[in-house]
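Using UniProt numbering, the letters of the sequence shown map in sequence onto residues 1 to 639.
Built from N, CA and C at the ideal position, the CB exists for glycine as well.
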Amino acid sequence: MTSYFVTGGSGFIGRRVVARLLARDEQARVYALVRTGSLQRFAAAMERIDGGDRVVAVAGDLTHEGLGLHGSDVDEVDHVIHLAALHDLTAEEADLRAVNVDGTRRVAEFALARGALLHHLSSIAVAGDHRGDFTETDFDLGQGLPTECHRTVFDAERVVRETEGLRWRVYRPSAVVGDSVTGQVDRADGPYYFFGHLAVLSQLPSFLPLPIPDPGPLNVVPVDFVAEAMVALTDVQDGRSGLVFHLADPDPRSITDLFNALSPAFDGPWAFTALPSGLVRPMLAAIGRGLLRPGRDLIAEQTGVPPAILDVASLPVVFRSDATAAELDTLGVRLPDLDEYAPRLWRYWYENLDPARHRRNDSRGPLVGKNILITGASSGIGRATARMCVRRGANVFLVARDADRLIETAAELDAEVPKPGLPVGRAYAYPVDITDEAAVQTLVKSVICEHGHVDVLVNNAGRSIRRATANAVTRSHDYHRMMAVNYFGAVYLTLALLPHMIERQSGHIVNVSSIEVQSRAPRFGAYAASKAALEAFSDATGAETLSDHVTFSNVRIPLTRTRMIVPTNAYDSARGIWSVDKAAHRVLHAIVERPKRVNTLLGDLIDFGHHAAPRLTNRLLHQDFLLHEESDAALGRTG
Numbered sequence: 001m002t003s004y005f006v007t008g009g010s011g012f013i014g015r016r017v018v019a020r021l022l023a024r025d026e027q028a029r030v031y032a033l034v035r036t037g038s039l040q041r042f043a044a045a046m047e048r049i050d051g052g053d054r055v056v057a058v059a060g061d062l063t064h065e066g067l068g069l070h071g072s073d074v075d076e077v078d079h080v081i082h083l084a085a086l087h088d089l090t091a092e093e094a095d096l097r098a099v100n101v102d103g104t105r106r107v108a109e110f111a112l113a114r115g116a117l118l119h120h121l122s123s124i125a126v127a128g129d130h131r132g133d134f135t136e137t138d139f140d141l142g143q144g145l146p147t148e149c150h151r152t153v154f155d156a157e158r159v160v161r162e163t164e165g166l167r168w169r170v171y172r173p174s175a176v177v178g179d180s181v182t183g184q185v186d187r188a189d190g191p192y193y194f195f196g197h198l199a200v201l202s203q204l205p206s207f208l209p210l211p212i213p214d215p216g217p218l219n220v221v222p223v224d225f226v227a228e229a230m231v232a233l234t235d236v237q238d239g240r241s242g243l244v245f246h247l248a249d250p251d252p253r254s255i256t257d258l259f260n261a262l263s264p265a266f267d268g269p270w271a272f273t274a275l276p277s278g279l280v281r282p283m284l285a286a287i288g289r290g291l292l293r294p295g296r297d298l299i300a301e302q303t304g305v306p307p308a309i310l311d312v313a314s315l316p317v318v319f320r321s322d323a324t325a326a327e328l329d330t331l332g333v334r335l336p337d338l339d340e341y342a343p344r345l346w347r348y349w350y351e352n353l354d355p356a357r358h359r360r361n362d363s364r365g366p367l368v369g370k371n372i373l374i375t376g377a378s379s380g381i382g383r384a385t386a387r388m389c390v391r392r393g394a395n396v397f398l399v400a401r402d403a404d405r406l407i408e409t410a411a412e413l414d415a416e417v418p419k420p421g422l423p424v425g426r427a428y429a430y431p432v433d434i435t436d437e438a439a440v441q442t443l444v445k446s447v448i449c450e451h452g453h454v455d456v457l458v459n460n461a462g463r464s465i466r467r468a469t470a471n472a473v474t475r476s477h478d479y480h481r482m483m484a485v486n487y488f489g490a491v492y493l494t495l496a497l498l499p500h501m502i503e504r505q506s507g508h509i510v511n512v513s514s515i516e517v518q519s520r521a522p523r524f525g526a527y528a529a530s531k532a533a534l535e536a537f538s539d540a541t542g543a544e545t546l547s548d549h550v551t552f553s554n555v556r557i558p559l560t561r562t563r564m565i566v567p568t569n570a571y572d573s574a575r576g577i578w579s580v581d582k583a584a585h586r587v588l589h590a591i592v593e594r595p596k597r598v599n600t601l602l603g604d605l606i607d608f609g610h611h612a613a614p615r616l617t618n619r620l621l622h623q624d625f626l627l628h629e630e631s632d633a634a635l636g637r638t639g
């Protein structure tokens, strides 16, 4: 019975290697080094593969002395397959060295102590910036190593080569992409960083030829080929030590080749090489150093591409794998055709990993399937907005303090008739006092746990006071209560949802503000200040989260006939007061179109007056103050 000790068995390549080891030899036993926190997840993964019951999970860690093993967890081992590594160009140097170099040293010591043959998964990164062909017999040719990731991968292979008495083999894959059959990939890095930019080109006519600059040779292989090839090569040449295999495409492609292979999946145009690599490389090198580098890095980060990727996008190395390809040919292992499997890579990425996938709208309507959280949703503008969203296919999470009224509203909305051609959404009641920060955090956790995500937050809950400042000198608590709902409640919800929205690279926050932010009319100092504070907070935060695709809208609503104005008898016969539905339509516009502000003509005119003729505008507002009396509620008369 052959026994294997595998590191990284729960990883992208490792799961496939383990499955193939079990399939090739029904008597094989596999020990897998798994960190304690991943044991349960690894066990679940093994249950899904044939022969998974022959895999023994061994708790340990590459970064611990002796791999963190205790006693005789693993005694006799024929092969040690070392797959665990950190190939992240953006990772910290200390983390890269701890895993790639120190971890490999511990694995080499483990294999040596048991007389096992070590199979070390290295990488194309060892070739660094070598100019020209880099073959299986090459290692240290004086090449430069442009990043710490390249350096630690190189040093890890050196550790294997220089461990005295160790029997070893090295496998160097080129850039590993998704499964050639399913397209599945664990994370979108390497070539995938540029898929989002390719998606934009799907808007171009497919018959239009597209010029593409060529930064140099590109070598990619699917993960299933790497796993199959590595397992097939473990036993070749009677266990001979010191062999190196390049798991790569023997015929390197160009960026143009990759684009044309992917293009059919998104109905893109046909591409041709417009600038040869001899011209493109110096240009990329020039913008990657000196005064131009900060600008390059800023643009790269804003477009979702780590700047470090650009440093290695045009390396001149030609990664040769002719000897390995010949060996694999005798074993019956074939490299899948890029033109055949590339569309599968695209489809899997587009459906599961595209950072923009959460920002796409359903073809039936922009709100179909969206999850919208609305505060102050049991009455007034919030209730009307929720109804409009549900009728357009959105799922709405209703938030307010009055549980009975909220449940009644949810039941009413669930009975709504959808607009023609649209599915009806659902309404869910969440009674919460938004001035309680802990309760808000619990609310957000519950909504995300139960429904997966929140696309839009509508900060609608509000409190209003119409009272002259001179009549409020002994009522500072009114100002505190106003800020608690209008400002802090909205801020609590925004802070609780912001990490979730940033992680999804999608989110919109609508603040139901007021025309008073523009007019600063008499008797509304407390109210206007609370809304102005929320707008200032949102504007500043929106400037920070623009690249994260989290945006804000401030909807400045004029006086609206809601329960909030009932105590003020001065409004009983006033004209020009908006209806609830009219105000809700403005909020709906902000949800769908996502403008920075939704203003009214009157608000803009008063705002213009404050800037163009501040004294005259102030005098007019003073006349308005003198013309209208204080309400009974403001004076404390409840008759």
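Using a Cβ distance threshold of 8 Å, Val99 and Leu89 do not count as a contacting pair. For Gly115, there is no enclosing alpha helix (DSSP H), as DSSP gives it neither H nor E. DSSP, read as helix, strand or coil, puts Ser277 in helix. Checking the DSSP bridge columns, you'll see Asn554 partnered with Asn511 and Arg597.
Here DSSP, grouped into helix, strand and coil, assigns Thr409 to helix. DSSP places His480 in the helix class (H, G or I) of the three-state scheme. Using a 10 angstroms sphere on the CB of Glu228, the tally of other CB atoms reaches 16 or more, which defines it as buried. Beta-bridge partners assigned by DSSP to Ser3: Arg29.
Burial state of Glu629 is exposed, judged by a 10 Å Cβ sphere holding fewer than 16 other Cβ atoms. Runs of the beta strand (DSSP E) spanning 3 or more residues and lying entirely within the segment 234-322 occur at 243-247, 271-275 and 317-319, in chain order. Relative to the Cα of Phe319, the nearest Cα in the group Asn618, Ser123 and Leu83 belongs to Ser123. With contacts defined as CB atoms closer than 8 Å, Val444 and Gly393 fail to qualify as a contacting pair.
Of the other Cβ atoms in all chains shown, 16 or more fall within 10 Å of the Cβ of Lys531; this residue is therefore buried. Rounded to the nearest whole angstrom, the C-alpha separation of Leu298 and Gly196 is 17 Å. Using a C-beta cut-off of 8 Å, the segment 428-437 makes contact with the segment 397-409, since at least three inter-stretch Cβ pairs fall below that distance. When rounded, the separation of the alpha-carbon atoms in Ala308 and Leu292 is 15 Å. Ser38 and Gly11 have their C-alpha atoms spaced approximately 11 Å apart. Leaving aside the five residues that flank His508 on each side, the residues in its chain whose CB is nearer than 6 Å to its CB run, in chain order, Val456, Thr551 and Arg594. For Gly376 against Val580, the beta-carbon gap comes to about 12 Å, at or over 8 Å, which does not count as contact. Annotation for Arg41: Ser10 place their beta carbon closer than 8 Å to its own, counting only its chain and skipping 5 residues before and after.
Leu112 and Ser363 have their C-alpha atoms some 60 Å from each other.
For Gly132, the three-state secondary structure derived from DSSP is strand.
A distance below 8 Å separates the beta carbons of Phe134 and Val317. One Cα belongs to Phe139, the other to Gly132, and the distance between them is close to 13 Å. Going by DSSP, Tyr527 is part of the alpha helix (DSSP H) stretching over Gly525 to Glu544.
Two segments are said to touch when three or more pairs of C-beta atoms, one from each, lie closer than 8 Å; by this definition the segment 487-496 touches the segment 533-544. By the Cβ rule, the segment 232-242 does not count as touching the segment 185-202, because fewer than three pairs are nearer than 8 Å.
Collapsing the DSSP output to three states places Gly142 in coil. Just measuring C-alpha positions, the residue of Ala521, Ile465 and Met388 sitting nearest Leu626 is Ala521. Within the DSSP secondary-structure output, Thr330 pairs in no beta bridge.
Scanning Leu208, Asp548 and Glu327 for the CA closest to the CA of Ile502 turns up Asp548. Following the DSSP letters along the chain, one finds Arg169 inside the beta strand (DSSP E) bounded by residues Arg167 to Pro173. Residue environment for Ile557: buried (at least 16 other C-beta atoms within 10 angstroms of its C-beta). In the three-state DSSP reduction, Asp362 falls in the strand class (E or B). Contact check for Tyr341 and Ser180: beta-carbon distance about 4 Å, within the 8 Å limit, so the pair qualifies. The shortest CA-to-CA distance from Val223 to any of Ala427, Arg15, Val510 and Pro217 is the one to Arg15.
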